[in-house]
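Engineer: For what it's worth, numbering that gives the first Met the number 0 labels the leading residue of the sequence shown as 0, then goes sequentially.
Using N, Cα and C, we set each Cβ at its ideal position, and we do this for glycine too.
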Amino acid sequence: MIKSTMALAAAAVAIFASTSAAQSGRPITLGISAGAAIPAGDFADVANTGFNGTVSLGFQPFRSSIGLRVDGMYNKFSLKDEFDAADTDPTIIGANANLVFSLPGQGIRPYLIGGGGIYGLKNDRENIDDSYQTEPGINGGIGAAFPLSGFNTFIEARFHHIFSEGSSVQFIPVTFGISF
């Protein structure tokens, strides 16, 4: 399941190509990013900031400010000391389909991103069977692409809301990456 999720993630785009990339006929982009995964809501009461890794595949038609992006992500957290009696490390693996609206122009290109997907929630415990559940979720955020020679760098922050039984899970990955 993890391998297929990560393969789907590889089918995701980290960011849309710059104007010069779009003019060169490259509507498809591949990206990779990493950064902090910050717990929010009730999840922030029990989990510490963790890390995020994301692989993306995007499509933006020539001269369009709207594109599609598919992301696969891996997020790892640790529990706060008062909740860590079972040596548990929460993990969230997700696959999302998103719409991206990027402002036209050259140079730095801000964008909005949002969509939905499926998230796998797992608690890794030593010497205990792992618990795993798959739940739907939504996300939305902002980013900025910085075109360089032959590729882009980008920074992005997104709010993810996972609809799980009991209490929903929320977190905010803040990532930096490259796309080409």
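1) I believe residue 122 touches residue 87 by the beta-carbon criterion, under 8 Å. Please report the beta-carbon distance rounded to the nearest angstrom.
2) When you compare each of 67, 44, 59 to residue 25 by their alpha carbons, which one comes out closest?
3) How would you label residue 136, buried or exposed, when you count the other beta carbons within 10 angstroms and need 16 or more for buried?
4) Which one of 110, 132, 156 has the shortest CA to CA distance from residue 181?
5) Rounded to whole angstroms, what's the CA-CA distance from residue 57 to residue 27? Just pull it up for me.
6) Use the C-beta contact count for residue 41: other C-beta atoms within 10 angstroms, 16 or more gives buried, fewer gives exposed.
7) Straight-line CA distance for residue 33 to residue 48?
8) Using a Cβ-Cβ cut-off of 6 Å (strictly less than) and excluding sequence neighbours within five positions of residue 20, which residues of its own chain qualify?
9) Just to confirm before moving on: does the CB-CB distance between residue 70 and residue 53 stay below 9 Å?
10) Rounded to the nearest angstrom, what separates residue 45 and residue 168 at their Cα positions?
11) How many angstroms separate the CA atom of residue 23 from the CA atom of residue 108?
12) For residue 130, collect the residues of the same chain with a Cβ closer than 6 Å to its Cβ; drop the 5 residues on either side in sequence, then sort them by chain order.
13) According to the neighbour-count rule (16 or more other Cβ atoms, all chains shown, within 10 Å of its Cβ), is residue 148 buried or exposed?
14) Quick one: using the 10 Å Cβ neighbour count with 16 as the cut-off for buried, is residue 62 buried or exposed?
15) Would the beta-carbon of residue 150 fall within 9 Å of that of residue 177?
Structural biologist: The relevant details are as follows:
1) Approximately 5 Å separates the beta-carbon atoms of residue 122 and residue 87; this is inside 8 Å, confirming the contact.
2) It is 59 whose Cα lies nearest to the Cα of residue 25.
3) With 16 or more Cβ atoms within 10 Å of its Cβ, residue 136 is classed as buried.
4) The structure shown does not extend to residue 181, since the chain is modelled only from 0 to 179, so the question has no answer here.
5) One C-alpha to the other measures close to 6 Å.
6) Exposed: under 16 other Cβ atoms inside 10 Å.
7) The straight-line gap from Cα to Cα measures roughly 13 Å.
8) Annotation note: pLDDT 41 at residue 20 (below 50); position unreliable, coordinate value reported separately. If the five residues before and after residue 20 are omitted, its C-beta is found closer than 6 Å to no C-beta atom of its own chain.
9) Yes. Within cutoff.
10) Each residue's CA atom was taken as its position, placing residue 45 and residue 168 some 11 Å apart.
11) Here residue 23 scores only 40 on pLDDT, less than 50, and its place in the model is too uncertain to base an answer on.
12) Listed in chain order, the non-local C-beta contacts of residue 130 below 6 Å within the same chain comprise 122, local neighbours out to five positions each way being set aside.
13) Taking all protein chains in view, the Cβ of residue 148 is surrounded by fewer than 16 other Cβ atoms within 10 Å, so the residue is classified as exposed.
14) Under this definition residue 62 is an exposed residue.
15) Yes, they are a contact pair.
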